[in-house]
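K.L.:
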Amino acid sequence: ITVRAGDFALFIRAAQEWPAASVYAPLMADGNGVNLNVPLMTLAFVPLTWLPPWAAITLWSAINVACMIGAWWLLAREGFAWELVALGLMVPMTGPLSLLLGQVTGLLLLASVGAWLASRHGRPSLCGALIGLLIAVKP
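According to our numbering, the residues represented by the sequence shown are 1 to 139, in order.
(1) Please go through the same chain and pick out, in chain order, the residues whose beta-carbon is closer than 8 Å to the beta-carbon of L100, but skip the five residues on each side of it.
(2) Contact defined as beta carbons within less than 8 Å: I believe T49 pairs with I12. What is the distance between those atoms, to the nearest angstrom?
(3) Between which two residues does the alpha helix (DSSP H) harbouring L130 extend?
(4) Which of the three DSSP states, helix, strand or coil, is assigned to V34?
(5) Comparing alpha-carbon positions, which option in G132, L117, V38 lies nearest L75?
(6) For G79, is the classification buried or exposed, using 16 other Cβ atoms within 10 angstroms of its Cβ as the cut-off for buried?
(7) If we call anything under 8 Å between Cβ atoms a contact, is V137 one with V38?
(8) How would you write the range of the alpha helix (DSSP H) that S61 sits in, first residue to last?
(9) Whose C-alpha, out of W82, V34, A115, W60, is nearest the C-alpha of L130?
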């Protein structure tokens with residue numbers, strides 16, 4: 001897959017290099033691209049390397065949008081009006097840019113909201129698992 005810019009390009013290049021080479025070696029021909037993510041992220045992107053570039057970025061963007069909508073739905077279901085306003089203000093500022101760059105923002109948002117709600121509902125194991133996922137994906 002040849003994707004030239006953004007975090008998605010680095011995720012894909014690292015996944016293409018795994019396991020034959022270090023995923024932390026410079027990944028772009030100009031030497032500017034270096035993978036700063038944990039190996040779990042590299043493994044998560046391996047299946048996307050099997051797709052054509054347009055399909056891979058489309059699927060990744062759809063996953064992120066679904067996660068953003070999921071976070072909004074969880075908050076709406078709980079009746080949190082001010083949280084929805086905050087999320088509504090944040091997503092237009094960060095959502096398009098994170099989608100353009102292929103970042104993991106949607107996944108992080110959904111896990112964060114899920115952890116917060118699990119804590120509020122007295123489910124410490126679920127809360128801890130989601131926080132653990134956040135740390136494992138984006139330390």
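All C-beta atoms, glycine included, are put in the ideal place defined by N, C-alpha and C.
On a predicted model such as this, the values are computed, not experimentally measured, just so you know.
P.N.:
Checking against the coordinates, here is how it stands:
(1) Locating residue 100 in the sequence shown gives position 100, counting from the first residue. Same-chain partners within the cutoff: G6.
(2) Numbered from its first residue, the sequence shown carries residue 49 at position 49. Numbered from its first residue, the sequence shown carries residue 12 at position 12. Going by Cβ atoms, the distance from T49 to I12 rounds to 6 Å, so yes, they are a contact pair.
(3) If you number the sequence shown from 1, residue 130 lands on position 130. Taken as a continuous stretch (DSSP letters only), the alpha helix (DSSP H) holding L130 covers 124-137.
(4) Numbered from its first residue, the sequence shown carries residue 34 at position 34. Of the three classes helix, strand and coil, the one that applies to V34 here is strand, per DSSP.
(5) Taking the sequence shown and counting its residues from 1, one reaches residue 75 at position 75. Nearest in C-alpha terms to L75, of all of G132, L117, V38, is L117.
(6) Mapped onto the sequence shown, residue 79 falls at position 79. When all chains shown are included, G79 counts as exposed.
(7) In the sequence shown, counting from the first residue as 1, residue 137 sits at position 137. In the sequence shown, counting from the first residue as 1, residue 38 sits at position 38. Yes, the Cβ-Cβ distance between V137 and V38 is below 8 Å.
(8) Here residue 61 corresponds to residue number 61 of the sequence shown, with the count starting at 1. That run of the alpha helix (DSSP H) goes 53-78.
(9) Here the question's residue 130 lines up with position 130 in the sequence shown. It is A115.
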